[in-house]
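Undergrad: So the sequence lines, in the order shown, correspond to chains A and B.
Just so we're aligned, residue 108 is where the first sequence starts under our numbering, counting upward by one.
Just so we're aligned, residue 1232 is where the second sequence starts under our numbering, counting upward by one.
Note that the Cβ used here is the ideal one computed from N, Cα and C, for glycine as well.
Before we start, here is the structure in question, set down as structure tokens.
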Amino acid sequence: MFINIDPSSGLPIYIQIAQQIKTAVAMGRLQPEDPLPSVRQLAVELAVNPNTVARAYLDLEIEGVIYKRQGAGTFVSSQGVEMSKGERRRVLNELLEKALVEGVNLGLSERELREAFERTLEKILHAGAPEPVGQ
Amino acid sequence: MSQDFDNIIYTDAIETRNLGRKFGKFEAVKDVSLRVPRGTVFGLLGVNGAGKSTIIKMVMGHLRPTSGEIKVLGRTLGEDPLGIRRRVAYVSENRYLYEWMTVEESVRFTRAFHETWDDKKATDLLKRFSLPPEKKVRQLSRGNRARLCLLLALSFNPELIILDEPTSGLDPIVRRDFIENIVAEIAEEGKTVLFSSHIVDEVERVADYVGIINDGELLLVSTLDDIKACYKRVRYATNGTRPEVANVPGVLAVENGRHEQVLTVSAWGDETLQRLGERGVRNPEVLPISLEDIFVNTVRAERERRANS
């Protein structure tokens, strides 16, 4: 499993780990019932505090993305992909908020913002499916 | 500055109270109170000469404090120096090795002092680090000397591992060896680590608790997660007028751009947001901030505060 940790990004490392695992599930790089490395293995691999990995796993477990099986390890749950829809919505909301704040600061009216949103959405929908992410 | 550990069930591996050390008139360490709960990793962050090593030497009992108290693994310092030395590993930048011994002899020599010595672990580390057993210590590269010190420190299964600038001057490969092995140690139950470093990336990766030290004073001590939750960058367009925000509580630094202001805030929350709003800040964008920026801004703010008082 490849996880890219950037300590200097300012985002807590446990969130970076949790988000990247969720993304891997959403993209299908991790499938239901796939095993995850143990806390210790992943901590050593990423050179981060094991408590940090444990916290990321705990958050993912609470969200239902992964589950622990006694004595066998940690696995991606079958509802993992379903859950990641909420995750996708969260990413979208964040990006939308940024764009809209920029728009407000540019001095656009509410009506102009709504029109711009509708127009952009139309354009994308009629251009066909968007390119896969990362290509 | 002191830590608040309400509802924490751990006992502390290290506790210092109002610790101070003077060299003549020079105060190297001033009123430092900190606690390192068992099973956690505490990173002391500071520039060279900030007082990190002096604190660690006092914790190790190599240097007597001029004021304050220290408890290590539940014992007051000096109460049981030998017992403590058997339970605490110490790795410093100035590595204690006998030049004329071979690697193998160094291992055997250190083994004799420790009933808890783990032969399997020593052999494993010797292999993992590719240390040549027949070579004399004086012939070892800097990196291999550091690896040997780490091997000797970890092989007796210490409860507490204290590292003073362990990776200073080492290449990235040796540094990674250090971090990976320290991480593996922490993963074993009950191990506690106190380490000092001026390399922020390292502290950010492995520390649960961070203490920022400057001119012998502890400026900030908290869990890394809490620090990241409280410290934020706030950015907004100024739209002609420049809000006066420098004296809003919790605003550590203000950078003025042509059409924007960027704040470093040390206590992010609704109250700060409301106060900024009262000063005319509109649509602020809140961004995470790296430990490096927190470190630099905290030390600078302290220097400015002192220059102005």
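(1) Would a check of beta-carbon distances place residue 1393(B) closer than 8 angstroms to chain A?
(2) What are the start and end residues of the beta strand (DSSP E) that includes residue 1492(B)?
(3) Return the chain-ordered ranges of every alpha helix (DSSP H) run that is complete within the segment 1363–1423 of chain B and spans a minimum of 4 residues.
(4) To the nearest angstrom, how far is the alpha carbon of residue 128(A) from that of residue 1536(B)?
(5) Mapping the DSSP letters down to three states, classify residue 120(A) as helix, strand or coil.
(6) Measuring alpha carbon to alpha carbon, tell me which residue in 1247(B), 1353(B), 1251(B) is nearest residue 1446(B).
(7) When you compare the CB of residue 1180(B) with every CB in chain A, is at least one pair closer than 8 angstroms?
(8) Between the alpha carbons of residue 1409(B) and residue 115(A), how many angstroms are there, rounded?
(9) Taking the continuous alpha helix (DSSP H) assigned at residue 1283(B), which residues delimit it?
(10) With a threshold of 16 other CB atoms inside 10 Å of the CB of residue 1240(B), please say whether the residue is buried or exposed.
(11) Residue 1365(B): buried (16+ other C-beta within 10 angstroms of its C-beta) or exposed?
(12) If you compare alpha carbons, which of 1407(B), 1412(B), 1280(B), 1474(B) is closest to residue 1392(B)?
(13) Got a sec? Which residues, its chain only, sit under 8 angstroms from residue 1368(B) by beta carbon, not counting five neighbours each side?
(14) What residue from 1439(B), 1295(B), 1465(B) has the CA that sits closest to residue 1458(B)'s CA?
(15) Can you tell me the Cβ-Cβ gap for residue 157(A) and residue 182(A), rounded? I've got them flagged as a contact below 8 angstroms.
(16) Taking DSSP as the reference, what is the three-state secondary structure of residue 1254(B)?
(17) Rounded to a whole number of angstroms, what is the C-alpha to C-alpha distance between residue 1419(B) and residue 1356(B)?
(18) Going along chain A in order, which residues have a C-beta closer than 7 angstroms to the C-beta of residue 1288(B)?
(19) Report yes or no: do three or more beta-carbon pairs, one from the segment 1421–1431 of chain B and one from the segment 1269–1277 of chain B, lie closer than 8 angstroms?
(20) Could you give the uninterrupted runs of the beta strand (DSSP E) lying entirely in the segment 1288–1340 of chain B, keeping only those of 3 residues or more?
(21) Anything in chain A within Cβ reach of residue 1624(B), meaning under 9 angstroms, just list it in chain order.
(22) Please report the distance separating the alpha-carbon of residue 1269(B) from that of residue 179(A).
(23) Quick check: the segment 1482–1491 of chain B against the segment 1526–1536 of chain B, are there 3 or more CB pairs under 8 angstroms?
(24) Which residues of chain A have a Cβ atom closer than 7 angstroms to the Cβ of residue 1445(B), listed in chain order?
(25) Is there a C-beta anywhere in chain B that falls below 8 angstroms from the one on residue 221(A)?
(26) Going by the CB atoms, is the gap between residue 1300(B) and residue 1247(B) shorter than 8 angstroms?
(27) Just how far apart, CA to CA, sit residue 119(A) and residue 1456(B)?
(28) Verify the CB distance criterion: does residue 1521(B) have a CB-CB separation below 8 angstroms to chain A?
(29) How many angstroms separate the CA atom of residue 1470(B) from the CA atom of residue 1435(B)?
(30) Starting from residue 1418(B), find everything on chain A with Cβ-Cβ shorter than 8 angstroms and list it in chain order.
(31) What are the complete alpha helix (DSSP H) segments, minimum 4 residues, inside the segment 1411–1489 of chain B?
(32) Measure the alpha-carbon distance for residue 112(A) versus residue 146(A) and round it to whole angstroms.
(33) Leaving out five residues on either side along the sequence, give the residues of the same chain with a beta carbon under 8 angstroms from the beta carbon of residue 1514(B).
(34) Using DSSP bridges, identify the partner residues of residue 1248(B).
(35) Could you please tell me which residues of the segment 198–218 of chain A, in chain order, have their CB closer than 8 angstroms to any CB of chain B?
(36) When you compare only the Cα positions, how much space is there between residue 161(A) and residue 1505(B)?
TA: Quick answer:
(1) No, its Cβ sits nowhere closer than 8 angstroms to a Cβ of chain A.
(2) Its beta strand (DSSP E) spans residues 1491–1496.
(3) DSSP runs (the alpha helix (DSSP H)) wholly in the segment 1363–1423 of chain B: 1373–1385, 1403–1418.
(4) Rounded to the nearest angstrom, the two C-alpha atoms are 43 angstroms apart.
(5) DSSP places residue 120(A) in helix when its eight states are reduced to three.
(6) Per the Cα distances, 1251(B).
(7) Since the displayed chain B opens at 1232 and closes at 1540, residue 1180(B) lies outside it and no answer follows.
(8) Taken atom to atom, the span from the alpha-carbon of residue 1409(B) to that of residue 115(A) is near 20 angstroms.
(9) 1283–1290 is the span of the alpha helix (DSSP H), which, as asked, contains residue 1283(B).
(10) At residue 1240(B), the pLDDT of 46 sits below 50, so the modelled position is not reliable and the matter cannot be decided from this model.
(11) Residue burial is scored here from C-beta neighbours: residue 1365(B) has fewer than 16 other C-beta atoms within 10 angstroms and is therefore classed as exposed.
(12) The option with the nearest alpha carbon to residue 1392(B) is 1412(B).
(13) Around residue 1368(B): 1328, 1329, 1330, 1331, 1332, 1333, 1334, 1337, 1376, 1379.
(14) Here the closest residue by C-alpha is 1439(B).
(15) Your pair residue 157(A) and residue 182(A) does not check out as a contact, with CB atoms roughly 19 angstroms apart and the cut at 8 angstroms.
(16) Strand, per DSSP.
(17) Rounded to the nearest whole angstrom, the CA to CA distance from residue 1419(B) to residue 1356(B) is 16 angstroms.
(18) The premise fails here: residue 1288(B) is roughly 25 angstroms from chain A at the closest Cβ pair, so nothing lies under 7 angstroms.
(19) With the cut-off at 8 angstroms, the segment 1421–1431 of chain B and the segment 1269–1277 of chain B touch.
(20) You should have 1298–1303, 1319–1322.
(21) Only positions 1232 to 1540 of chain B appear in the structure, and residue 1624(B) is not among them; the question remains open.
(22) Going by the C-alpha atoms only, they are around 28 angstroms apart.
(23) The segment 1482–1491 of chain B vs the segment 1526–1536 of chain B: in contact.
(24) Within chain A, no residue comes near residue 1445(B); the closest Cβ sits about 20 angstroms away, beyond 7 angstroms.
(25) Answer no: the Cβ-Cβ gap between residue 221(A) and chain B never drops below 8 angstroms.
(26) For residue 1247(B) and residue 1300(B), yes; Cβs fall inside 8 angstroms.
(27) In a straight line, the C-alpha of residue 119(A) is about 7 angstroms away from that of residue 1456(B).
(28) Yes, because at least one Cβ of chain A sits closer than 8 angstroms to the Cβ of residue 1521(B).
(29) Each residue's Cα considered, the two are about 36 angstroms apart.
(30) Chain A residues near residue 1418(B): 146, 147, 150, 151, 157.
(31) Counting only runs of 4 or more, we get 1431–1437, 1455–1461.
(32) The straight-line gap from Cα to Cα measures roughly 15 angstroms.
(33) Taken in chain order, the residues that qualify are 1467, 1468.
(34) Partner(s): 1300(B).
(35) Those would be 205, 208, 211, 212, in chain order.
(36) So the alpha carbons of these two residues sit roughly 35 angstroms apart.
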